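S.K.:
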Amino acid sequence: MKFLSPSKYNMFTMLKLPSAWLTGVRLKKIDEQSCTVQVKHRWINQNPFKSMFWAVQGMAAELSTGVLVISYAQNSNHKISMLIANNNGSFTKKATGRITFICHDGYKIKETIEKAIASKEGETCWMKAIGTNAEGIQVSEFNFEWSIKVKG
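Residue numbers (the numbering used here): 73 to 224.
1) Per DSSP, W198 forms a beta bridge with which residues?
2) With DSSP as the reference, label L94 as helix, strand or coil.
3) With which residues is R170 paired in a DSSP beta bridge?
4) With a threshold of 8 Å on Cβ separation, who are the neighbours of A157 within its own chain once the five nearest residues in sequence on each side are excluded?
5) Determine, using beta carbons only, whether I171 and A132 come nearer to each other than 9 Å.
6) Does DSSP classify N160 as helix, strand or coil?
7) Check Q105 in the structure and name its three-state DSSP category.
8) With a threshold of 7 Å on Cβ separation, who are the neighbours of C175 within its own chain once the five nearest residues in sequence on each side are excluded?
9) What is the DSSP secondary structure of G130, reduced to helix, strand or coil?
10) Using only the alpha-carbon positions, how far apart do Q118 and F125 sit?
11) May I ask you to report which of helix, strand or coil DSSP gives I181?
12) Alpha carbon to alpha carbon, how far is A145 from E104? Give it in angstroms, no decimals.
13) Would you kindly work out how many angstroms separate the C-alpha atoms of H113 and M86, rounded to a whole number?
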């Protein structure tokens, strides 16, 4: 299984997702099972309550799931369309400092893409990203329902 390096995905973010890049969202690690994205609380990404704006957390969480989707789609040797059909999030602690989002659903999306290729039908997959602060305390959790379909 071939994955692009975090630096290549970060370059992609800078060129194609400038709001994520400007707010400090960065991919740190990817493998077959998981993806890690970090973002540091700064002036540019804070809300009036001096914590990280929920949408910045959402961008980081989405990237941790989306990079796995993109990677498995590219490795499938098929043209795959992907779209978030649904999402939700919950917040349990003020997000300050460096927040790390990890998605451990790599094999879930791999199976979903394989199923979509075999069935030639659209398939969906819920993927979870959990955000924790530097102390390892959960600050937020996001769920994204990815819709996958083989083109053509």
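The beta-carbon is built from N, C-alpha and C at its ideal position, and this holds for glycine as well.
Remember, predicted model here, so these are calculated numbers, not experimental data.
M.R.: On the basis of the data shown:
1) DSSP, once it has assigned bridges, lists E217 as partnering W198.
2) The answer is helix: DSSP assigns L94 an H, G or I state.
3) Looking at the DSSP assignment, R170 forms a beta bridge with K112.
4) Excluding positions up to five away in sequence, the list reads T196, E217, W218, S219.
5) For I171 and A132, yes; Cβs fall inside 9 Å.
6) Note: N160 maps to strand in three-state DSSP.
7) Residue state, collapsed to three classes: coil.
8) Take C175, set aside five residues on each side of it, and the residues of its chain with a beta-carbon closer than 7 Å to its own are S106, C107, S136, T137, L140, M199, K200, A201, in chain order.
9) Three-state DSSP puts G130 in a helix.
10) One C-alpha to the other measures close to 5 Å.
11) Secondary structure at I181: helix, using DSSP grouped into helix, strand and coil.
12) Roughly 12 Å separates the two Cα atoms.
13) One C-alpha to the other measures close to 18 Å.
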